[in-house]
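Asker: Protein chains in written order, with our numbering: chain A, 2 to 250; chain B, 318 to 520.
Next up, the structure:
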C-alpha cells in the first residue's frame, strides 16, 4: 500500500504542463492550430509514459491517473481531425467550449510555469530548522523540584547517599571476585596435593576456607571419588571425612 | 501595557516560542501570556524586528493564524554540518506542479488543482500529505471536500518565513484574477456535479 505514494507516474509532468512545454518547444502560440500541430508529440509522450510504467504495481491508481491523460489526448485528436477535415459545417457549442477551455487552461499554466522553477530553486537550498515540542521530552518529566531552593544544605547529604548506593554495588563485586575459585582449579590443586601425601581429611583440606571454598572443595573430592582417584571414608554421621589416595596396583 | 510590562511580555513570548518549538496559534499565545490577540500580534512584530538584526540567529515562520520559531535560512549550512543529515528528498514533476499551486494559491481545493494540472491528483495529494509537506482541512463552503495548504515543514524546506515572501507572489495572485473572469465567461470551472462525483469515488 505504501507504494501508492511513490507511483512512478509522479515522475512525469501533468498533461497541461506537458502541452505547454511542447508548444513552447516549437515556439508556437497557444491556439487551435498549434494544438493540432502538437497532437502527435503528445500521443508519443502518452505512449512513452505507458511503456515506462508497465511494471507499475499499483494498477488501479495508475489507470486512474492515466485516464486523465487519455481525456486530454482525445480532445487533441478531435481538434486535429477537425483541422484536417476542415469542417465548419455544424458548430457544436459544447465542443467549442471545451476547446476554448483547454486553451485558457494552457495559457494560464504558461504564465504560471515560472513559479515551478522558483519552487525548484528554493527547495532545500536554505533550510530553516526548528525543533519539536519540548514539553514531554524535557520540561515536565525530568523536572527537579526540591521545594525550598533557598536552603541547599540538604544537598551534600543526599549526594552522599546516592554515591553510597553505588559504593555498595562496587564492594559486593570485589568480594565475589576475590573468592572465586573454579571447580576445575580445585581439582587440579587436590591432585597435586595427593601426589605428595597418601591420606588426609576434609577438615584439614578446608582449614581457614571460606564458605564458598568449602563447597568447591567438597564438590571436588566427590568428583575425584567418582573418577576413582581417591577413596572416601566416614565412620559416623557428621564426623570428619577421611580421604585416601587410591593406590594403583 | 506599560513599557516595562511590555518588555517583560516580549521576553515571555520568546521563552514560550522556544519551549513550544512547534507552530503555535496566536490564540493560544494570548491565553498563556494572558494578553489580547491584538497585543500578541504587536509583540510578535516587535520580536520580529528584534530578530531581524544581524546578531540574531532566529527567525519567524508564519502560516495562517500560527507562528513558529526557526533558524535563519542562511545558517542552513552550519546546521546541516552539525546534524549531518542527508537531506536529499527529491521533488518529482508531479509534486512540483502540485506544491507550486498550493503554495501560491492555497487554500486550494483538489478540483482546482486538477483543473490546472489536467490530471487526477488524489494520489499525489495523499503522497504530499504523508510527507508532511502539505496539510488539509474541510472546506467550510463545501461538505466532503478539503482545502489544501502548505505546511510549516514546506516553508522551512524552502527557507521562507511566509508564503507571501515567495518570489513574484503578488504577480501570480493577479494572474489568477485575470483568468478567473476569462474562464467564467466560458465554462464554470469546475462543474459542481463533476466535483461531487469525483469526491464520492475517492473519499
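Ideal placement from N, C-alpha and C gives every residue a C-beta, glycine not left out.
In this text the structure is predicted, and so the values were computed from the model without any measurement.
Could you tell me which residues DSSP puts in a beta bridge with residue 246/A?
Answerer: Residue 246/A is bridged to 231/A.
Asker: Near residue 485/B, what residues of its chain come up, given a Cβ to Cβ distance below 7 Å and the 5 sequence neighbours on each side ignored?
Answerer: No residues qualify anywhere along the chain.
Asker: Which of the three DSSP states is assigned to residue 360/B in this structure?
Answerer: Here residue 360/B sits in helix by DSSP.
Asker: Tell me where the beta strand (DSSP E) around residue 455/B begins and ends.
Answerer: From DSSP, the beta strand (DSSP E) with residue 455/B extends over 451 to 455.
Asker: Measuring straight from C-alpha to C-alpha, what distance separates residue 358/B and residue 343/B?
Answerer: Approximately 7 Å between the Cα atoms of the pair.
Asker: Distance cutoff 8 Å, beta carbons only. Does residue 339/B sit that close to anything in chain A?
Answerer: Yes - at least one Cβ of chain A is within 8 Å of the one on residue 339/B.
Asker: If the cut is a Cβ gap below 7 Å, which residues of chain A does residue 441/B touch?
Answerer: Those within 7 Å of residue 441/B in chain A are 11.
Asker: On the criterion of 16 or more Cβ atoms from any shown chain inside 10 Å, does residue 449/B qualify as buried, or is it exposed?
Answerer: Exposed, by the Cβ-count rule.
Asker: Note the first and the last residue of the continuous alpha helix (DSSP H) segment covering residue 60/A.
Answerer: Its alpha helix (DSSP H) spans residues 60 to 86.
Asker: Note down the Cα distance separating residue 240/A from residue 164/A, rounded to an integer number of angstroms.
Answerer: The alpha-carbon atoms of residue 240/A and residue 164/A are separated by roughly 48 Å.
Asker: Apply the 10 Å Cβ neighbour rule to residue 52/A and answer buried if 16 or more other Cβ atoms are within range, or exposed otherwise.
Answerer: Residue 52/A should be labelled exposed.
Asker: For residue 456/B, go through chain A and note every residue whose CB falls closer than 7 Å to its CB, in chain order.
Answerer: Ordered by position in chain A, no residue passes the 7 Å Cβ test against residue 456/B, which lies about 22 Å from the chain.
Asker: Spatial neighbours of residue 13/A within its chain, please: CB distance less than 6 Å, with the 5 preceding and 5 following residues excluded, ordered by chain position.
Answerer: Within the same chain, residue 13/A has close Cβ partners 50.
Asker: Per DSSP, which one or two residues make a beta bridge with residue 200/A?
Answerer: 245/A.
Asker: Counting only Cβ pairs nearer than 7 Å, list the residues of chain A close to residue 385/B.
Answerer: By Cβ distance, chain A contributes 131.
Asker: According to DSSP, which residues form a beta bridge with residue 377/B?
Answerer: Answer is 386/B.
Asker: In terms of residues, what are the limits of the beta strand (DSSP E) holding residue 340/B?
Answerer: Note, residue 340/B: premise wrong, no beta strand (DSSP E); not H, not E.
Asker: Checking contacts by CB at 8 Å: is residue 390/B closer than that to chain A?
Answerer: Yes - at least one Cβ of chain A is within 8 Å of the one on residue 390/B.
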